[in-house]
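Protein chains in written order, with the numbering used here: chain L, 1184 to 1647; chain C, 519 to 1465.
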Amino acid sequence: MFPERTFCNPLSRREMLLRTACGFGAFAFRGLNPGNMQGRETLSSPPGLAKRVLFLYMDGGVSQVDSFDPKPKLDAEHGQPIPLEVPRTQFDDVGTLLKSPWAFRPGGESGIPVSDLFPNIRDRVDDLAVIRSMTSQFPEHTFANYFLHTGTGFQGRPSMGAWWSYGLGTENQNLPGYIVLDGGLIPPGGLDCFGSGFLPAENQATVLQSSGSLIPNIQPLDSEDIQNRKLDLVRSLDGVGMVSGPRVEASIANQEKAFRMQAALPQVADISGESDTVKKMYGLESDFEPERIYGTQCLLARRLLEQGVRFVQLTCPAIGALDRWDQHTDLKDGHAKNARAVDRPIAALLDDLKGTGLWEDTLVVWTGEFGRTPMAQGSDGRDHNPHGFSMWMAGAGVKKGVVVGETDEYGYFVVDKPFEIHDLHATMLHLMGVDHKRLTYRFDSRDMRLTDVHGHVIKEVLES
Amino acid sequence: MRVALSALLVVLAVLQRVEEPVDFLRDVRPILAENCFVCHGPDDRKGGLRLDTKAGVLKDLGGYAAVVPGDLEESEMWWRIAKAGTADRMPPHDSGKSLSTEEVAVLRQWIESGAEWQEHWGFAPLRDFGAPEVRNFRWAQDVMDAYFLGELEAGGASLPSDASDSVWLRRVFFDVIGLPPTLQERAEFFAQPVEHRRAWQVDSLLDSPHFGERWARHWLDLVRYSGTWGHEFDIEIPNAWEYRDWVVRGFNADVSWKRLVEEQVAGDILDPPRLNIEEGWNESILGTGFWLLGEEVHAPVDLEKDLADRTANKLDVMGKSILGMTLACARCHDHKFDPVSSRDYYALSGLVQSASSRQVRFQSLEKNKDIRRALDVLKTEQGGLARAEALERLRKSRQDIGGSEEEHVEDPRDIALSEMSLMWAAGRDAWWPDGGSYFLGKVGEALFTTDAAWPVHHFLPVDAVVHDPDWQGLRPATKSRAVSITNLNWGSEGRTFRTPTVVLDGEPLWYLVRGKGAAFAPVEHHRLVRGPLHLNTFHLFDTQGKWEWVQHPSLQDYEGMRAHFEFCPRGEGEWIGVAAIAKGEKPPFPAPSQGPFNQLLNTPRALEEPSSRALDFHGKRKDLLDDRVLESRLAPALLDGNGVDQPFLVRGQPSAKEDPVPRAFLKRFAGGGEATPSELPNGHPTSGRLHLAEALFRDSEALIARVFVNRVWHHLFGAGIVKTTDNFGTLGSFPSNPNLLDHLALGFIESGWSLKSLIRRIALSRTYGLERGPRRLDAEAIRDSILTVSGGLDRAVGGPPVKVHLTDFMVGRGRPSANGPLDGAGRRSLYLEVRRNFLIPFLLVWDFPQPSTSMGRRSVSNIPAQALALMNDPFVIQQANLWSGRILETYPDDAARIEAVWLEAYGRRPAADELDFCFDFLAEPANGGWQGLCHALYNVKEFVYVP
């Protein structure tokens, strides 16, 4: 009834520090994660498994039939109606079959076909496990975004990264465990795609901006000297104040952590020390601004992963007036520009992860929230298609150079090995050494899971 | 209280418990629920055994049973939990669950003592156990205190000391009004005689308008209050703040909780409604905003699924906030632990889905309805004569029209009334107006003007629902937002009526109408029409002054889905009449042609002078209409409709429809789940929510009272008697003191469900006034405190929200185009806009909840972002500057200033060393003097932690 009551006469903090031999330190550690921590299990990953995740989010929905899922039938029957019964789509304006503007070519030794949209990724396809049979439950962006990011199509649930942060903690006490690098486009559904839902607030994403101040309030408005002296005064006053106990101690510890973050975060975000070769490799010298932005984000991502950040997500850069991958019209121009922005930087990041030794324990996931229709919307666009789309995974524990699953001959519906987002989540957790059924948090008197009551590990992408 | 004891005391209590009789609900069931139900429960009955029912526990499993009351050795359960080897041991090793020694001891004692099985405590009737016996009875000031003391004595813990007046004062200010005491308020308190000062203070706080603000915010957490719909574009919910202010006024006026619940459930159909004390407007109807604050989607592809999702959220919120039950679990399967079946869920769905929504002109509603009633009476008494005289005068103006008027106005509809294709007919079928501007006109009836010289607009050639031509000029107050951001931008507020809900069968649809208007068929209640997807659900028509059959755009795509029709005139000075809705390849009968008298009306000519009786009629009519209220504020509210039973959806899938489930309240509570009447007492068809409001209190009064009392306790003590404030079901936590809970609940009902009486009683108890560990203030109290001490607080109550102050980090679709002020114009946090996709970062870091479902218990996190906000947020620095400026101006020297800021910020005087620290800081000019000091003082933990 009175959880915060201490049933002895309360001490002022001053008295308590005087009377308890352990004093500050003991409380600081105990209190770092107070609050609603019911049901938490400490879950560390066994050796050989992923320690961290890099989530490359292709906002808007990349067309599977123009990227990783070649469909010769589209060339043959271009301009004809699709002979399948198709459900209603977002704009309900789909016409006849539309052939892909891009040629597919086999990549690497595996010969997995990838379209000319992604020549650089194609060169590294031997490292990827391509899933051609992913599905979503929602044909609208916002639902599908919440679903992909939180396992539920609605606002207010904890995001993947929050579950990671909650379940696995952070490796670096001076940096947040879950960081989203905002390339310029926050997906529909907004920042709630990265929220902590009912998990404690410490698990929500820290969104780093590509320009200006990195995160809110990270830049002191005072000079370092003045801030130091203000904090000295605060420390002195906290030392003799009338409130005490674990929560207050944790709050004091957080003040110190915040102070350290002020220095640590800008330091890791400062890429000026990287060599010109590295910068060039990531596309930082490109004449195409979105590629420069995305390249910078990729480089930053590698630095954050190196520093032990548990979950890093990249959002897409804005491509002029064109809106991310969501090409309801002018597929050719829009997809080409979006691909140009990400293809080389992603390839560079994959190489760099290998070069820096991060590859072995970093899981890389590349996906949109759904795919696109094989039929044209209007004359030259494609509408949303949640019934079958492509994604890929790579890195720690992921089988190399495989294709899993199949869509029908037009690329609309999955016909072999249908997977859903819950399966993706289960697989990602599995690769971290975590059983998705056991990562739970008690809320509403229920043990909540990222995968709710669903999810099967996609064994076909596992290395062993 | 047991849950709350410190670690040592928990152990003591457990040891104690083994000796005292074991209580099934408190001690046994939670162990079974946590460890056994997963495999031996409603879903899975491994080995044919279920442990969630009495029958299951005692069931003969083939010569043996899990539990044989009183016989430990014969009980399989005992062997399995205490004696069996690893292979047979329960719970199994790989389940990740295990029983502690204490838990095994409890189960042993339970079996030995006869394995008593009890009904769940939350659903049992309230019982008064009388004051418990305590040794130190002089200490208790209230029965409540005796309960507290009894628990304490039983646990052998020592009594904490009473908090000082200063500590109590700061605590009670935050708890009751959410603001810290100012120096003046503090002085007033200490000026009171010692023995009366606390009672005086509580009364004065309960009288403060800030009381309602504080407690409204608690309730808003439970109804996922937001001013936007979230989703992709975060579209505004027009005038959502009126619901917020309704809660504030309700609490300030201490309207009974029972009444406030009834108004939220059925405030639109409560008769009579509660009227605003000062302004006389309809307050009750504002309560129904409760249902309309959830997420909504602008172009859902699957409208049935969308409605099912929205309904699930509504029931989730209703269940948790009012009943403390997780009803939404039953959407896909019978509730695993609580007595809520999937049929119950769909029975409730029908109740909730049968009403539609609108922006109600609540200020004018009652007055204009009264005028409509008076006009109807006048028409009955004098309308016939006035009409006859009008016809006579017209006839005389042109000699060539012979015969009586009836020959010219025949109702062609008579021919077709029996036809199946006629889906709705005025005069035959029900309709619901949104305000007083509509009436049902009968064939031949004259639509009068207020001008006796030219007395008629039109003679109706057919029965029709008519937007009265004399009700032009209805307009929203400037405070209200009328402009719709959807495609439905014809100003429907107070000018709309709806028809009953029907199932669409794909056939072409027609309506017989006259005028320039809009017809809207919200399929599956989808109203947020924006984007290309559902444009066919509305149609704009203009019949150029004739009665015509107008075809609605094809609704073929919605075959099998439900819709009703809404009609509204478009444009100033327009009136419409709606006679019928039909389906089929063509209309069932021809539209009535322009009769000779109506033709006459179109060509103005001199009429002979009206008689004195006609003058009297038109004069009275004009007088009545002169009183109509044209301007009114708007608010989201329900508009009732006919009852539509929701088909059962197998596993919650809209694609797997079964038979409709009759609308009803939960079977467990209502005597057998009695079906809801489909008519109001006045005979009008209804959704049945009025019945729901009655059933709630007739059948689950005890639960509602317990849930509410516990919420109040939670807010006053930092944790509820039942810790899981939103779940009083079998998986909720057992009350730390069930007798106290019932005692308070009974007192609450007896007081007429008075929130103020309950708070007064608790706040003046000895228990409330004890020393406690520090509690962190919540988000709003922290921001409001910063403003209070700086002097920047604007204490105005109510009104439209202050726009969100946007930082560079608040990005994404639907970002507002206009930015709000950094300090929120000094208004209390309650009055800052709540935008689902753009919540206020400064409040979020202190655990302001995401408004998606009921949140009765906010998390209290402890994160570096909190320190960063206090250290570096420009708002804090701005307020520190304001604070220091005021202090420098008001007090002559630093010693006096430091004492003042200490009293303001921490509610106490500074100690000597604290003074020294401050003097040292001020002595260094580079520190920024008083601005720097005030900024630092906001960062001291005592500012956000209250003892």
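A virtual CB, placed ideally from N, CA and C, is assigned to each residue, including glycine.
**Item:** residue 1278 of chain C vs residue 720 of chain C beta-carbon contact at 8 Å
**Value:** Taking the second sequence and counting its residues from 1, the one referred to as residue 1278 of chain C is at position 760. Taking the second sequence and counting its residues from 1, the one referred to as residue 720 of chain C is at position 202. In contact: residue 1278 of chain C and residue 720 of chain C (Cβ atoms closer than 8 Å).
**Asked** Looking only at DSSP bridge pairs, what is residue 1576 of chain L linked to?
**Response** Translated into the one-based positions of the first sequence, residue 1576 of chain L becomes position 393. When DSSP reads this structure, residue 1576 of chain L sits in a beta bridge with L:1312, L:1548.
**Prompt:** Any Cβ of chain L within less than 8 Å of the Cβ of residue 1050 of chain C?
**Reply:** Sequence index remark: in the second sequence, residue 1050 of chain C carries index 532 (1-based). Interface criterion met: the Cβ of residue 1050 of chain C is under 8 Å from a Cβ in chain L.
**Message:** To be precise: take each residue of the stretch 1320 to 1337 of chain L, compare its Cβ to all Cβ atoms of chain C, and keep it if any distance is under 7 Å. Which residues remain?
**Reply:** Result list: 1322, 1323, 1324, 1325, 1337.
**Request:** State the CB to CB distance for the pair residue 1360 of chain L and residue 1493 of chain L, rounded to an integer number of angstroms; the pair is presumed to be in contact (CB under 8 Å).
**Result:** For the purposes of this step, residue 1360 of chain L is identified with residue 177 of the first sequence, where counting begins at 1. For the purposes of this step, residue 1493 of chain L is identified with residue 310 of the first sequence, where counting begins at 1. The C-beta distance from residue 1360 of chain L to residue 1493 of chain L rounds to 4 Å, short enough to fall under 8 Å.
**Request:** For residue 994 of chain C, count neighbouring Cβ atoms within 10 angstroms of its own Cβ and tell me buried if that reaches 16, exposed if not.
**Result:** Here the question's residue 994 of chain C lines up with position 476 in the second sequence. Answer is buried; the Cβ neighbour count reaches 16.
**Message:** Measuring alpha carbon to alpha carbon, tell me which residue in L:1598, L:1579, L:1240, L:1603 is nearest residue 1615 of chain L.
**Reply:** To locate residue 1615 of chain L, count along the first sequence from 1; it is residue 432. Of the listed residues, the one whose Cα sits closest to residue 1615 of chain L is L:1579.
**Message:** Measuring straight from C-alpha to C-alpha, what distance separates residue 516 of chain C and residue 815 of chain C?
**Reply:** The first residue shown for chain C is 519 and the last is 1465, placing residue 516 of chain C beyond what the model contains.
**Item:** Same chain only: Cβ atoms within 6 Å of residue 875 of chain C, ignoring 5 sequence neighbours per side
**Value:** In the second sequence, the residue the question calls residue 875 of chain C occupies position 357. So the qualifying residues of the chain are 810, 1156.
**Request:** May I have a chain-ordered list of the alpha helix (DSSP H) segments no shorter than 4 residues that lie completely inside the stretch 781 to 843 of chain C?
**Result:** Taking only runs of at least 4 residues, the alpha helix (DSSP H) segments lying wholly in the stretch 781 to 843 of chain C are 821 to 836.
**Item:** Beta-carbon spacing of residue 1317 of chain L, residue 1626 of chain L below 8 Å
**Value:** Walking along the first sequence from the start, residue 1317 of chain L turns up at place 134. Walking along the first sequence from the start, residue 1626 of chain L turns up at place 443. Contact flag unset, no.
**Prompt:** Is residue 1454 of chain L close to chain C, meaning its C-beta is less than 8 Å from at least one C-beta of that chain?
**Reply:** If you number the first sequence from 1, residue 1454 of chain L lands on position 271. It does not; no Cβ of chain C falls within 8 Å.
**Request:** Reducing DSSP to helix, strand and coil, say where residue 640 of chain C ends up.
**Result:** Counting from one through the second sequence, the residue named residue 640 of chain C turns up at place 122. Three-state DSSP puts residue 640 of chain C in a helix.
**Message:** Determine whether the beta carbon atoms of residue 1094 of chain C and residue 1033 of chain C lie at a separation below 8 Å.
**Reply:** Along the second sequence, read from residue 1 onward, the residue named residue 1094 of chain C stands at position 576. Along the second sequence, read from residue 1 onward, the residue named residue 1033 of chain C stands at position 515. Yes, the pair counts as a contact, with Cβ atoms nearer than the cut-off.
**Prompt:** Relative to the C-alpha of residue 643 of chain C, which residue among C:1351, C:1222, C:1101 is closest?
**Reply:** If you number the second sequence from 1, residue 643 of chain C lands on position 125. Cα-wise, what sits closest to residue 643 of chain C is C:1222.
**Prompt:** Between which two residues does the alpha helix (DSSP H) containing residue 662 of chain C stretch?
**Reply:** Mapped onto the second sequence, residue 662 of chain C falls at position 144. Note, residue 662 of chain C: alpha helix (DSSP H), 661 to 673.
**Request:** Could you work out which residues of chain C lie near residue 1274 of chain L, taking near to mean beta carbons separated by less than 9 Å?
**Result:** As a first step, residue 1274 of chain L is located in the first sequence; it is residue number 91 there, counting from the start. Within 9 Å Cβ-Cβ: 817, 1049, 1050, 1051.
**Request:** Please report the Cβ distance between residue 1397 of chain C and residue 1304 of chain C, rounded to the nearest whole angstrom; I am assuming they are in contact, meaning their Cβ atoms lie under 8 Å.
**Result:** Stepping through the second sequence from its first residue, residue 1397 of chain C is reached at position 879. Stepping through the second sequence from its first residue, residue 1304 of chain C is reached at position 786. 5 Å between Cβ atoms; contact.
**Message:** Pop quiz: residue 1518 of chain L and residue 1564 of chain L are said to be a contact at Cβ under 8 Å. What is the actual Cβ separation, rounded to whole angstroms?
**Reply:** Numbered from its first residue, the first sequence carries residue 1518 of chain L at position 335. Numbered from its first residue, the first sequence carries residue 1564 of chain L at position 381. Residue 1518 of chain L to residue 1564 of chain L, Cβ: 10 Å. No contact.
**Request:** Determine the direct distance from the alpha carbon of residue 1294 of chain C to that of residue 1207 of chain L, and round the result to whole angstroms.
**Result:** If you number the first sequence from 1, residue 1207 of chain L lands on position 24. If you number the second sequence from 1, residue 1294 of chain C lands on position 776. Unreliable positioning characterises residue 1207 of chain L in this predicted model, as indicated by a pLDDT of 29, which lies under 50. The coordinate reading is nonetheless provided below. Going by the C-alpha atoms only, they are around 19 Å apart.
**Asked** Are there three or more Cβ pairs, one per stretch, closer than 8 Å when the stretch 827 to 836 of chain C is compared with the stretch 793 to 806 of chain C?
**Response** no
**Request:** Count the other CB atoms, across all protein chains shown, that sit within 10 Å of the CB of residue 1406 of chain L; report buried if there are 16 or more and exposed otherwise.
**Result:** As a working note, residue 1406 of chain L is residue 223 in the first sequence. Its Cβ having fewer than 16 others within 10 Å, residue 1406 of chain L is exposed.
**Message:** Please list, in chain order, the chain C residues whose beta carbon lies closer than 7 Å to that of residue 1421 of chain L.
**Reply:** Working through the first sequence from its first residue, we reach residue 1421 of chain L at position 238. Result: 1458, 1459.
**Request:** Hey, could you find the ends of the beta strand (DSSP E) residue 683 of chain C is sitting in?
**Result:** For the purposes of this step, residue 683 of chain C is taken as residue 165 along the second sequence, with counting starting at 1. Where residue 683 of chain C is concerned, there is no enclosing beta strand (DSSP E), although the alpha helix (DSSP H) it sits in stretches over 683 to 695.
**Message:** At 3 residues or longer, what runs of the beta strand (DSSP E) sit wholly inside the stretch 1135 to 1213 of chain C?
**Reply:** 1152 to 1157, 1164 to 1167, 1175 to 1179
**Message:** Rounded to whole angstroms, what is the Cα-Cα separation between residue 1514 of chain L and residue 1500 of chain L?
**Reply:** Your numbering for residue 1514 of chain L matches position 331 in the first sequence. Your numbering for residue 1500 of chain L matches position 317 in the first sequence. Distance between the alpha carbons of residue 1514 of chain L and residue 1500 of chain L: 17 Å.
**Request:** For residue 759 of chain C, collect the residues of the same chain with a Cβ closer than 7 Å to its Cβ; drop the 5 residues on either side in sequence, then sort them by chain order.
**Result:** Position 241 of the second sequence, counted from the start, is the residue given in the question as residue 759 of chain C. Only 745, 1318, 1319 meet the Cβ criterion.
**Item:** Residues from the stretch 1144 to 1172 of chain C in contact with chain L, defined by Cβ distance under 8 Å
**Value:** none
**Prompt:** Going by alpha carbons, who is nearest to residue 914 of chain C out of C:1252, C:1124, C:1031?
**Reply:** Locating residue 914 of chain C in the second sequence gives position 396, counting from the first residue. Of the candidates C:1252, C:1124, C:1031, the residue whose Cα lies closest to the Cα of residue 914 of chain C is C:1124.
**Asked** By Cβ distance below 7 Å, which residues in the same chain neighbour residue 940 of chain C in space, the five residues on each side in sequence not counted?
**Response** Numbered from 1 along the second sequence, position 422 holds the residue referred to as residue 940 of chain C. 934, 1098, 1100, 1106.
**Asked** Within this structure, are the beta carbons of residue 1343 of chain C and residue 1363 of chain C separated by less than 8 Å?
**Response** On the second sequence, residue 1343 of chain C is found 825 positions in, with the first residue counted as 1. On the second sequence, residue 1363 of chain C is found 845 positions in, with the first residue counted as 1. Using a Cβ distance threshold of 8 Å, residue 1343 of chain C and residue 1363 of chain C do not count as a contacting pair.
**Item:** Simplified DSSP state of residue 1595 of chain L, which is helix, strand or coil
**Value:** Taking the first sequence and counting its residues from 1, one reaches residue 1595 of chain L at position 412. Three-state DSSP puts residue 1595 of chain L in coil, outside helix and strand.
**Request:** Could you tell me whether the stretch 712 to 731 of chain C touches the stretch 690 to 698 of chain C, using the rule of 3 or more Cβ pairs below 8 Å?
**Result:** Yes, the stretch 712 to 731 of chain C touches the stretch 690 to 698 of chain C.
**Message:** In whole angstroms, give me the CA-to-CA distance for residue 1603 of chain L and residue 1638 of chain L.
**Reply:** Position 420 of the first sequence, counted from the first residue, corresponds to residue 1603 of chain L. Position 455 of the first sequence, counted from the first residue, corresponds to residue 1638 of chain L. Cα to Cα, the separation comes out at about 8 Å.
**Message:** Pop quiz: residue 611 of chain C and residue 604 of chain C are said to be a contact at Cβ under 8 Å. What is the actual Cβ separation, rounded to whole angstroms?
**Reply:** As a position in the second sequence, residue 611 of chain C is number 93, starting the count at 1. As a position in the second sequence, residue 604 of chain C is number 86, starting the count at 1. About 6 Å separates the two Cβ atoms, so the contact holds.
**Message:** Here's the rule: buried if 16 or more other CB atoms are within 10 angstroms of the residue's CB, otherwise exposed. What is residue 632 of chain C?
**Reply:** As a position in the second sequence, residue 632 of chain C is number 114, starting the count at 1. When all chains shown are included, residue 632 of chain C counts as exposed.
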